[in-house]
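Participant: Input: one structure, supplied below.
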Amino acid sequence: MAAAAAGFERSVPGYPRYQYAGEGRLGEHHLIIKGITLEDDGEYQCQVGPTDTTLPIWAAANVTVMVPPERVSLLGHEEGKVVKVTSGSKLQLECEVNEARPEPVITWLKHGDKIDPSE
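Here it is in structure tokens:
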């Protein structure tokens, strides 16, 4: 990042992972976010002004942090263990996926074949 080395680079009070950088005389002003997490999701604005004679103007960007699923589990059941049920009783299996974005699509399979929810 040559511009930051020649220009300015400083931390943002209250935001330890955020940093300002750029070359002010060239109109370059960057916000750098290190180690992005879901908490960084949201709208960011760069704003100029106001002054005594002008209103503030700004540009905005909506940041959506994408997070792949890392873990999936069946609640109440140990991985690889046999689930024993009595014939005629009801069994409910609940699949849980850790925080992921976009929301994951869950597919149930029986013996490797997809279970069609419409059947």
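Residues in the sequence shown are numbered consecutively from 1, following UniProt numbering.
No residue lacks a Cβ here, since even glycine has one placed at the ideal position from N, Cα and C.
For clarity, every value in this text was computed on a predicted model and none was experimentally measured.
1) Mind checking whether Glu94 and Leu109 have CB atoms under 8 Å apart?
2) Relative to the C-alpha of Asn98, which residue among Trp58, Leu91, Val67 and Arg10 is closest?
3) In whole angstroms, give me the CA-to-CA distance for Ala21 and His29.
4) Below 6 Å CB to CB, which residues in the same chain sit around Ile106 once its five sequence neighbours on both sides are set aside?
5) Between the alpha carbons of Arg10 and Gly24, how many angstroms are there, rounded?
6) Round the Cβ separation of Thr37 and Val65 to the nearest angstrom and send it over; I've been treating them as touching at under 8 Å.
Facilitator: The structure says:
1) Taking the sequence shown and counting its residues from 1, one reaches residue 94 at position 94. Taking the sequence shown and counting its residues from 1, one reaches residue 109 at position 109. No, they are not a contact pair.
2) By one-based count along the sequence shown, residue 98 stands at place 98. Nearest C-alpha to Asn98: Val67.
3) Taking the first residue of the sequence shown as 1, we reach residue 21 at position 21. Taking the first residue of the sequence shown as 1, we reach residue 29 at position 29. Answer to the nearest angstrom: the Cα atoms are 6 Å apart.
4) Counting from one through the sequence shown, the residue named residue 106 turns up at place 106. Counting only Cβ-Cβ distances below 6 Å, and skipping sequence neighbours, we find Cys95.
5) To locate residue 10, count along the sequence shown from 1; it is residue 10. To locate residue 24, count along the sequence shown from 1; it is residue 24. Rounded to the nearest angstrom, the two C-alpha atoms are 13 Å apart.
6) If you number the sequence shown from 1, residue 37 lands on position 37. If you number the sequence shown from 1, residue 65 lands on position 65. Yes, they are in contact, since the Cβ atoms of Thr37 and Val65 sit about 7 Å apart, within 8 Å.
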